[in-house]
Amino acid sequence: TSQSTEGRSQIVLIFSLRRNIHGAESDVEAAIQAARQDMPASLRSNPQYFAYNPSEAPILILALTSKTLPIGQVYNVASTIIYQKLLQVPGVGEIDIGGSSLPAIRIDLDPRQLFNYGIGLEDVRAAIAAANANSPKGALSFGGRRYQIYVNDAATRVRQYRKLIIAYRNGAAVRLGSVAKITRGVENVQTLGLLDGHRAVAMIIRKQPDANVIATVDRIKALLPTIRASIPPGIDLMV
Numbered sequence: 114t115s116q117s118t119e120g121r122s123q124i125v126l127i128f129s130l131r132r133n134i135h136g137a138e139s140d141v142e143a144a145i146q147a148a149r150q151d152m153p154a155s156l157r158s159n160p161q162y163f164a165y166n167p168s169e170a171p172i173l174i175l176a177l178t179s180k181t182l183p184i185g186q187v188y189n190v191a192s193t194i195i196y197q198k199l200l201q202v203p204g205v206g207e208i209d210i211g212g213s214s215l216p217a218i219r220i221d222l223d224p225r226q227l228f229n230y231g232i233g234l235e236d237v238r239a240a241i242a243a244a245n246a247n248s249p250k251g252a253l254s255f256g257g258r259r260y261q262i263y264v265n266d267a268a269t270r271v272r273q274y275r276k277l278i279i280a281y282r283n284g285a286a287v288r289l290g291s292v293a294k295i296t297r298g299v300e301n302v303q304t305l306g307l308l309d310g311h312r313a314v315a316m317i318i319r320k321q322p323d324a325n326v327i328a329t330v331d332r333i334k335a336l337l338p339t340i341r342a343s344i345p346p347g348i349d350l351m352v
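Heads up: the sequence shown begins at 114 in the working numbering, then just goes up one per residue.
Set out below in structure tokens:
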């Protein structure tokens, strides 16, 4: 079958199940090269091809939204609680999670303020790294054994980063909040998922190669009430 639109054409080739997929790929590549001279001269690049196995298609997509929680927290619930429960379902294979990313503290530096203070990016990086260093604070010897003592004193709040000293100028401390906008957000702001115009996290579920589609989907749906009971009440889970 084929489908063509302005500036784009797609051809789907369906082979017999007895056909070796690698041999079919070689034949397709050879056919493309043979037909290249008949294609428009304005074609910017050679046609691309890829092999697709219908058994690798998603069997179910879950969507998570919330009117009360930040989208980063919704993603965190999806990637921890729900992800682990779904992996325990017989027949479930790969699970892709998209639409957002994990919660994070975002630091947007102001180049003009950095220039005014004479502070380089490496100065800022070093100060942030030092604030998040996890190093032993001491040791304890007991019963012939020696134990290292660790304390997690990494900065975890916006106000901690704002107060972080990154340099000294004219005897005065320059804090990160003076040269940057610091907010609570997500790791990757380039990822966006929408459902009916609202921010959403999607969980794309694929089955294992030898699993039955219908049986696997039925098991997942049977587990949904348990999953809904285990996540914050402000999160809506839809199929």
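Just so you know, even glycine gets a beta-carbon here, dropped at the ideal spot from N, CA and C.
Count the other CB atoms, across all protein chains shown, that sit within 10 Å of the CB of residue i; report buried if there are 16 or more and exposed otherwise.
i, result
"glycine 201", "First, the residue type needs correcting, since residue 201 is glutamine and not glycine in the sequence shown. So glutamine 201 ends up on the exposed side."
"methionine 152", "exposed"
"serine 179", "buried"
"glutamine 303", "exposed"
"leucine 234", "exposed"
"tyrosine 188", "buried"
"serine 214", "buried"
"threonine 181", "exposed"
"tyrosine 274", "buried"
"glutamine 186", "buried"
"leucine 156", "exposed"
Between which two residues does the alpha helix (DSSP H) containing residue i stretch?
i, result
"serine 122", "First-last for serine 122: 121-124, but that is the beta strand (DSSP E), not the alpha helix (DSSP H)."
"isoleucine 162", "Residue 162 is actually tyrosine in this sequence, not isoleucine. Looking at the DSSP string, tyrosine 162 is not in any alpha helix (DSSP H), and its letter there is neither H nor E."
"valine 141", "134-148"
List the endpoints of the continuous beta strand (DSSP E) containing residue i.
i, result
"threonine 329", "Run containing threonine 329: none in the beta strand (DSSP E); it sits in the alpha helix (DSSP H), 326-343."
"isoleucine 318", "314-320"
"aspartate 151", "Note, aspartate 151: premise wrong, no beta strand (DSSP E); not H, not E."
"isoleucine 278", "278-282"
"valine 299", "293-299"
"aspartate 349", "348-351"
"glutamine 116", "115-118"
Out of the options, state which residue places its alpha-carbon closest to the alpha-carbon of residue i.
i, options, result
"serine 291", "Arg282, Ser214, Gly298", "Arg282"
"valine 125", "Phe163, Gln150, Ala147", "Phe163"
"glycine 310", "Val271, Arg275, Gly204, Gly212", "Gly212"
"valine 287", "Tyr230, Ile208, Ala154", "Tyr230"
"glutamine 261", "Ser155, Leu130, Ala252", "Ala252"
"glycine 306", "Met316, Gly256, Gly298", "Met316"
"glutamine 226", "Tyr165, Leu308, Lys294, Ala147", "Lys294"
"asparagine 159", "Val330, Arg121, Ile348", "Arg121"
"lysine 334", "Phe128, Ile174, Thr118, Ser168", "Ile174"
"glutamate 300", "Ser129, Ile184, Thr118, Leu130", "Ile184"
"serine 139", "Arg157, Ala154, Gln161, Ser155", "Gln161"
"isoleucine 134", "Tyr165, Pro216, Glu207, Arg149", "Tyr165"
If you check the beta carbons only, do residue i and residue j fall under 9 Å apart?
i, j, result
"alanine 246", "isoleucine 279", "no"
"alanine 313", "alanine 176", "yes"
"leucine 199", "isoleucine 327", "no"
"arginine 319", "proline 171", "yes"
"valine 141", "proline 345", "no"
"threonine 114", "aspartate 221", "no"
"serine 168", "proline 338", "no"
"valine 237", "leucine 289", "yes"
For chain B, find out if any of its Cβ atoms is closer than 9 Å to the Cβ of residue i; answer yes or no.
i, result
"valine 330", "Note that chain B does not occur in the displayed structure, where there is just one protein chain."
Tell me the start and end of each unbroken alpha helix (DSSP H) in the segment 189-276 that is at least 4 residues and wholly inside, in chain order. The alpha helix (DSSP H) runs of length 4 or more contained entirely in the segment 189-276 are, from start to end of the chain, 196-200, 224-230, 234-244, 271-275.
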